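Residue numbers (the working numbering): 1306 to 1550.
The beta-carbon is built from N, C-alpha and C at its ideal position, and this holds for glycine as well.
The structure displayed is predicted, hence computed values, not measured ones.
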């Protein structure tokens, strides 16, 4: 009887240890940090990035609102080598016009098809590509080290498919310190970030879903206010964005 009880206690201890360290369990911080670390080690992945962007501009007492949805499909392999291979397909709508582009990067060149024309550019010189050249690294830039404070009171939600979701709420100050580079790049892509432009941020929400110890979905909702001087007239915009991977 004592041997049976001792064996049961050993099994119970082992199960508790596995539950505490396996994939982060119900600890949101360990769950996210573990998944982010494993994602950073991947040599290949495929993702779809959907950006829902709404820009409201106020100038001379008038307000104009414009929706700018964008979808980017990306597949990459050999990402840890000196010659990664990355394929991107981008679609963006603006003012009832849809623009599409395809880019393939390998070695020293990027091969691009856009507006019915095909050409190639040296990867070292991306000036003609604007922000598009950065999208291949944008997902990695989201795998950040969140401050411990943002996990206070946060719990892990278990989903029906076996995945787990953690939702984090960020103050404007936290978002600015963590994601300022990302928001600036997006602002540059729509031509609103330049010298003399002031940017302020609003509170943001991050939703990370982990399945099989890897990130299966990532959503970032945020907004920024931009103030700029246009030939003596002050213009302000509110850019509300939702990024879903």
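Setting aside the 5 residues that flank it on each side, residue 1425 is surrounded in the same chain by 1414 and 1416, each with a C-beta closer than 6 Å to its C-beta; the list follows chain order. By the C-beta criterion, the stretch 1456-1476 is judged not to be in contact with the stretch 1365-1378, since fewer than 3 inter-stretch pairs fall below 8 Å. Take the alpha-carbon of residue 1385 and the one of residue 1444: they are about 15 Å apart. Here residue 1349 is not near residue 1518, since their CB atoms are 8 Å or more apart. Beta-bridge partners of residue 1527 (DSSP): 1546. In this chain, the alpha helix (DSSP H) harbouring residue 1337 covers 1333-1345.
Nearest to residue 1408 by alpha-carbon distance, out of 1358, 1420 and 1344, is 1420. If you compare the alpha carbons of 1504, 1461, 1446 and 1469 with that of residue 1543, the shortest gap goes to 1504.
In the DSSP assignment, residue 1381 falls within the unbroken beta strand (DSSP E) covering 1375-1382. Counting along the chain, no beta strand (DSSP E) covers residue 1449, and no H or E run does either. For residue 1479, the secondary structure class from DSSP, reduced to helix, strand or coil, is helix.
1470 is the residue among 1470, 1545 and 1453 whose C-alpha sits nearest the C-alpha of residue 1523. Residue 1333 and residue 1514 have their alpha carbons spaced roughly 11 Å apart.
Boundaries of the beta strand (DSSP E) around residue 1425: 1422-1427. Between residue 1428 and residue 1366, the alpha-carbon positions lie close to 44 Å from each other. For residue 1342, the closest alpha carbon among the candidates 1530, 1449 and 1465 is that of 1449. Less than 8 Å separates the beta-carbon of residue 1486 from that of residue 1446. Membership of residue 1388 in any beta strand (DSSP E) is not indicated, and neither H nor E is assigned to it by DSSP.
Straight-line spacing of the CA atoms in residue 1452 and residue 1331 works out to 18 Å. In this structure, the alpha-carbon of residue 1398 lies about 31 Å from that of residue 1412. Checking the DSSP bridge columns, you'll see residue 1534 partnered with 1539.
Scanning its chain for C-beta atoms nearer than 6 Å, with the 5 sequence neighbours on each side dropped, one finds around residue 1545 the residues 1359 and 1528, in chain order. Only residues of its own chain outside the window of five on either side were considered, and among them 1469 have a CB closer than 7 Å to the CB of residue 1463, listed in chain order.
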